[in-house]
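Chemist: Next up is a structure, given as C-alpha cells.
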Amino acid sequence: MSYQNPLNAINFAGWKEDPNVQLNIARVIEKASWSKSPFESFFGKGADRGVRFYAVKDSQPYRPRLKAPLTGTGVEGNADLDTNYDSLEIMSQTTYPKVIANAIKSEIEKYTALKQIDFIKEASDSLTDWMRLRRDKALVSALITDFTNCVVCDQTSNFKDTSSEPDVATATKKIQKGDVMNVQALRRAIFMARTGINYKGKECYPLKPIKSDLVSVQGISLEHNSYIILLDSYACNQLKNDPEWIEMQKAAGVRGDENRIFTGLIGLIDNCPVLDMGIWTPLQSGMPNSEVSDTDYMANINPQNHKKLTPPSYYANGQPVSIGALIGASALVMVGGDKVDFYIDEADSGRKTIVGVDRLLAVSKARFDSNESGSLSPFHDTDFACIGIFSSKE
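Offset between the sequence shown (1-based) and my numbering: plus 916.
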C-alpha cells in the first residue's frame, strides 16, 4: 500500500478564516513526526515505556519522581511496629523544558513556482521532518551521555573483563580494532539488566523491562521480560557476521510475518528486540560513533538537564568506537507539550507567507537523586534503566 500524506486531507485554502486549520496541521505534524521515528514503539506516558513522557503546559522546572522500594526488615511476633519503622524515600530529578522552534518564509509569488497553498503544505512537511530530527537527536544525545554501566566488546573473549576499571570511559577506551559486536556481548548486557550487575561485577539493581508478557504454558504462568537493544548500522553489520548469529537465523524456522525475527527488526536475542537505529549524520538521528563531531552533539543536548556531558569522542582512544545501548522502562524522560504548535502568517504586505512550528521540550536520561542526606539507595545518581554497549567502528 502506497503512503498517503495526511496533509492531503487538510483544506489549506481556508487557513485565514478557520483557526482549526492550524490546529489540524499541528496534530498531523505531531503524529507524522512519531510515525517516522524509531522511538515511537516505546514512547508513552506509562511507567513501562522506554521513553516516558510527562505533559506540562509551561517552561517551569519539572521534577519526575521515583519511589524507592522499602528495604526494612519489619517486625515479627509481638514486637511493636514503632521499634523498627521503615523509611519511604522519594527520589527525583529536575528537568528544564525550553521552546524549540523553526520557521520558513516564502519568496514573493512572482519569484517562485509555488502558490501560497502549496508553500504551506510543503513547508509543513519539511517542518515535520525538522521537528522529528531535533527531538530524536535530543533523545539519542541524552541516552549516551555519561553512562554508569556498560558492556565492551572483545575480539578474543566476546566482551572485556571490566571489573577492575575505575569508570566506564576507561573501559571503552581500551577498544581495539577487531573488538566487534557479537551475540555473547548482547547476552551479557541482557544478563546484567536482568540480574542487576554492573560493569564491575557488583550487584546494583535489575532494570525494569519495557514490556512484561504473562503467558500460560501448560497451566504455568510465565513472565517474559523484554529490553530493547539499540545499535548503529556498523554494529548491526558486525552482528550479522557473527557465526552464532548466523546459526540462530538458520534455526529461526518460518520466515516472514509469522516470525518476528524477520518482520523488519534485526532480530531477537533472549526475547529482546535488536534495532538498527542507523548512523548519526547531519540529516538523520541514528546512534552516534566517536567520530561524530562534539559540536554537532552539543547542539542537540541541554546542559541544564545533565550533571555531566560526555560527547561520543569521550569514549574513544585511537580506535573509533560505535555506541549502542540496552534500555529498559523509563530509560529516558521527555517533558513538554502534548503536541507542537503551528503558525501561519503573512509578511511584507501580504506578498510573503511565513510558516512556523514550535514545541516545549526537555529530554533527559532518567537518573534520580536522593532527597535525603546519607541515603544508600542504589538508584542514587546512576542510570536508571540503560546499559551502554560499545564496539569497534569498522
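Glycine is no exception: its CB is placed at the ideal position from the N, C-alpha and C atoms. If you're wondering where the values come from, they're calculated on a predicted model, not measured in any experiment.
(1) With distances taken from CA atoms, which of Phe-928, Lys-947, Thr-1072, Lys-1118 is nearest Thr-1044?
(2) Kindly indicate which residue of Pro-1228, Ser-1201, Asn-940 has the alpha-carbon position closest to the one of Trp-1046.
(3) Return the Cβ separation of Ile-1185 and Asp-1192 in integer angstroms, given the expectation that the two are a contact with Cβ distance under 8 Å.
(4) Start and end of the alpha helix (DSSP H) containing Glu-946?
(5) Looking only at C-alpha atoms, which of Ser-1022, Gln-1100, Lys-1281 sits nearest to Ala-1039?
(6) With a threshold of 7 Å on Cβ separation, who are the neighbours of Pro-1125 within its own chain once the five nearest residues in sequence on each side are excluded?
(7) Residues in the same chain with beta-carbon distance under 6 Å from Thr-999, minus the five sequence neighbours each way, listed in chain order, please.
(8) What three-state label does DSSP hand Gly-930 in the structure shown?
(9) Which word fits Tyr-1001, buried or exposed, when buried means at least 16 other C-beta atoms lie within 10 angstroms of its C-beta?
(10) What number of angstroms, rounded off, separates the C-alpha of Asp-1083 from the C-alpha of Glu-1262?
(11) Is Pro-1189 helix, strand or coil by DSSP?
(12) By Cβ distance below 7 Å, which residues in the same chain neighbour Asp-1210 in space, the five residues on each side in sequence not counted?
(13) Does the distance from the CB of Tyr-1019 to the CB of Val-1273 come in under 9 Å?
(14) Cα-Cα, which of Glu-1310, Thr-1269, Asp-1257 is closest to Ala-1017?
(15) Under 6 Å Cβ to Cβ from Ala-1105, same chain only, skipping five residues before and after it: list those, please.
(16) Please classify Arg-981: is it buried, with 16 or more other beta-carbons within 10 angstroms of its beta-carbon, or exposed?
(17) Reducing DSSP to helix, strand and coil, say where Arg-965 ends up.
(18) If you draw a straight line from the alpha carbon of Pro-1072 to that of Gln-1092, how long is it in whole angstroms?
(19) Please classify Leu-939: is it buried, with 16 or more other beta-carbons within 10 angstroms of its beta-carbon, or exposed?
(20) Would you call Trp-1198 buried or exposed, if buried means 16 or more other Cβ atoms sit within 10 Å of its Cβ?
(21) Rank Trp-1161, Cys-1188, Lys-1053 by C-alpha distance to the C-alpha of Ala-1109 and give the top, closest one.
(22) Between the beta-carbon of Gly-1253 and the beta-carbon of Leu-1225, is there less than 9 Å?
(23) Do Trp-1196 and Val-1056 have their C-beta atoms closer together than 9 Å?
Modeler: Reading off the structure:
(1) Lys-947
(2) Ser-1201
(3) In fact, because the Cβ distance is near 14 Å, the residues do not count as touching under 8 Å.
(4) 936-951
(5) Ser-1022
(6) Asn-1141, Ser-1142, Tyr-1143, Gly-1244, Ala-1245
(7) In this predicted model, Thr-999 has a pLDDT of only 49, less than 50, meaning its place in the structure is not dependable; the value taken from the coordinates is given anyway. Around Thr-999: no qualifying Cβ.
(8) helix
(9) Note that Tyr-1001 has pLDDT 47, beneath the 50 cutoff, so the model's placement of it is unreliable and no number is given.
(10) 55 Å
(11) strand
(12) Pro-1227, Ser-1229
(13) One point to set straight first is that residue 1019 is Ala, not Tyr, in the sequence displayed. Cβ atoms of Ala-1019 and Val-1273: closer than 9 Å.
(14) Asp-1257
(15) Val-1067, Leu-1242, Ile-1303, Ile-1305
(16) exposed
(17) coil
(18) The displayed chain sequence assigns Thr, not Pro, to residue 1072. Thr-1072 and Gln-1092: Cα-Cα distance of roughly 11 Å.
(19) exposed
(20) Looking at the sequence shown, residue 1198 is not Trp but Pro. The residue in question, Pro-1198, is exposed, as its Cβ has fewer than 16 Cβ neighbours within 10 Å.
(21) Cys-1188
(22) no
(23) yes
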